[in-house]
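Asks: Protein chains in written order, with this note's numbering: chain C, 19 to 139; chain E, 2 to 108.
Have a look at this one before I ask anything.
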Amino acid sequence: EVQLLESGGGLVQPGGSLRLSCAVSGLTFSSYAMSWVRQAPGKGLEWVAAIGNRGVSTYYADSVKGRFTISRDNSKNTLYLQMNSLRAEDTALYYCAKHFRYADGSYLNYWGQGSLVTVSS
Amino acid sequence: DIQMTQSPSSVSASVGDRVSITCRASQDINNWLAWYQQKPGKAPRLLIYGASSLQSGVPSRFSGSGSGTDFTLTISSLQPEDFATYFCQQTNSFPRTFGQGTKVEIK
Numbered sequence: 019e020v021q022l023l024e025s026g027g028g029l030v031q032p033g034g035s036l037r038l039s040c041a042v043s044g045l046t047f048s049s050y051a052m053s054w055v056r057q058a059p060g061k062g063l064e065w066v067a068a069i070g071n072r073g074v075s076t077y078y079a080d081s082v083k084g085r086f087t088i089s090r091d092n093s094k095n096t097l098y099l100q101m102n103s104l105r106a107e108d109t110a111l112y113y114c115a116k117h118f119r120y121a122d123g124s125y126l127n128y129w130g131q132g133s134l135v136t137v138s139s
Numbered sequence: 002d003i004q005m006t007q008s009p010s011s012v013s014a015s016v017g018d019r020v021s022i023t024c025r026a027s028q029d030i031n032n033w034l035a036w037y038q039q040k041p042g043k044a045p046r047l048l049i050y051g052a053s054s055l056q057s058g059v060p061s062r063f064s065g066s067g068s069g070t071d072f073t074l075t076i077s078s079l080q081p082e083d084f085a086t087y088f089c090q091q092t093n094s095f096p097r098t099f100g101q102g103t104k105v106e107i108k
């Protein structure tokens, strides 16, 4: 059974930092690209960042570029999101999600249950 | 960035109704589109990928169509478990943008 388990969320002051982790099991982690997607309270989904299966290629939403860093450790089957210079508008439930490729497209077929990040003084 | 616009924002329907949700991309995305279902307090679930391919385990009453800039998710006969919010997402280019969501509510 494929499982994605996020951790590391919590309350942080504006300007602070936090690192989220996503432990993945039940599949060959190193074979798949991964993404982080967030959802502010009562709002829609916002794609945040993605990383290729080897960790070489990374992509970011404009709203987090230069502040967030996505990375992975394939030896530990774990995905990370380092979040710096946090703002109130970064408050959200952060999901990690696994990609699968189909005909040159890439889709999110497994999701974790999310880790809540609250940015407030 | 590619903007994704869903309509309607919400729809009230009864069990057994046929429901259609549309998603429009601000530029041609070929058929690189996904549909997700999200229930309150739960993670999103992939329903449709490649605009029209049904994800394994998803009931056949769900279908997707379209290409280019205009796409549709159709639920042929709404069931009680289908009341949820639905999102489209383009996977043509980064950033991978989502539509704003369509809430399907009980009439």
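For every residue, glycine included, the Cβ atom is placed at its ideal position computed from N, Cα and C.
#1: Three or more C-beta pairs under 8 Å: does that hold for the segment 89-100 of chain C against the segment 36-43 of chain C?
#2: Can you look up serine 48 of chain C in the DSSP assignment and give me helix, strand or coil?
#3: Taking only the alpha-carbon atoms, compute the straight-line gap between tyrosine 120 of chain C and serine 139 of chain C and give it to the nearest angstrom.
#4: What separation, rounded to the nearest whole angstrom, lies between the Cα atoms of threonine 70 of chain E and valine 12 of chain E?
#5: Sorted by chain position, which residues of the same chain lie with C-beta nearer than 6 Å to serine 27 of chain E's C-beta, five sequence neighbours on each side aside?
#6: In the DSSP assignment, the beta strand (DSSP E) including glutamate 24 of chain C goes from what residue to what residue?
#7: Kindly indicate the opening and closing residues of the beta strand (DSSP E) around isoleucine 3 of chain E.
#8: Serine 94 of chain E: which of E/Phe72, E/Asp29 and E/Gly17 sits nearest, CA to CA?
#9: Under the rule that 16 or more other beta-carbon atoms within 10 Å means buried, what is serine 93 of chain C, buried or exposed?
#10: Note down, in chain order, all residues in the segment 121-137 of chain C with a beta-carbon under 7 Å from any beta-carbon belonging to chain E.
#11: Taking C-beta to C-beta, are serine 1 of chain E and serine 53 of chain E nearer than 8 Å?
#12: Kindly indicate which three-state DSSP category alanine 115 of chain C falls into: helix, strand or coil?
#13: Can you give me the C-alpha to C-alpha distance between serine 8 of chain E and leucine 74 of chain E, rounded to a whole angstrom?
#14: Quick check: is the beta carbon of phenylalanine 88 of chain E nearer than 8 Å to any beta carbon in chain C?
#15: Helix, strand or coil for aspartate 108 of chain C? Go by DSSP, reduced to three states.
Replies: Working from what's here:
#1: Taking 8 Å as the limit for Cβ pairs, the verdict is that the segment 36-43 of chain C does touch the segment 89-100 of chain C.
#2: In the three-state reduction of the DSSP assignment, serine 48 of chain C falls in the helix class.
#3: Rounded to the nearest whole angstrom, the CA to CA distance from tyrosine 120 of chain C to serine 139 of chain C is 44 Å.
#4: Across the structure, threonine 70 of chain E and valine 12 of chain E are spaced so that their CA atoms are roughly 22 Å apart.
#5: Contacts found: Ile3 and Gln4.
#6: 21-25 is the extent of the beta strand (DSSP E) around glutamate 24 of chain C.
#7: Following the DSSP letters along the chain, one finds isoleucine 3 of chain E in no beta strand (DSSP E), marked with neither H nor E.
#8: Ranking E/Phe72, E/Asp29 and E/Gly17 by Cα distance to serine 94 of chain E puts E/Asp29 first.
#9: Within a 10 Å sphere around the beta-carbon of serine 93 of chain C sit fewer than 16 other beta-carbons, which makes this residue exposed.
#10: So the list reads Ala121, Gly123, Ser124, Tyr125, Leu126, Asn127, Trp129, Gly130, Gln131 and Gly132, given in the order they occur along the chain.
#11: Outside the displayed range of chain E (2 to 108) lies residue 1 of chain E, so it cannot be described from this structure.
#12: Here alanine 115 of chain C sits in strand by DSSP.
#13: About 11 Å.
#14: Phenylalanine 88 of chain E counts as touching chain C.
#15: Correct three-state label for aspartate 108 of chain C: helix.
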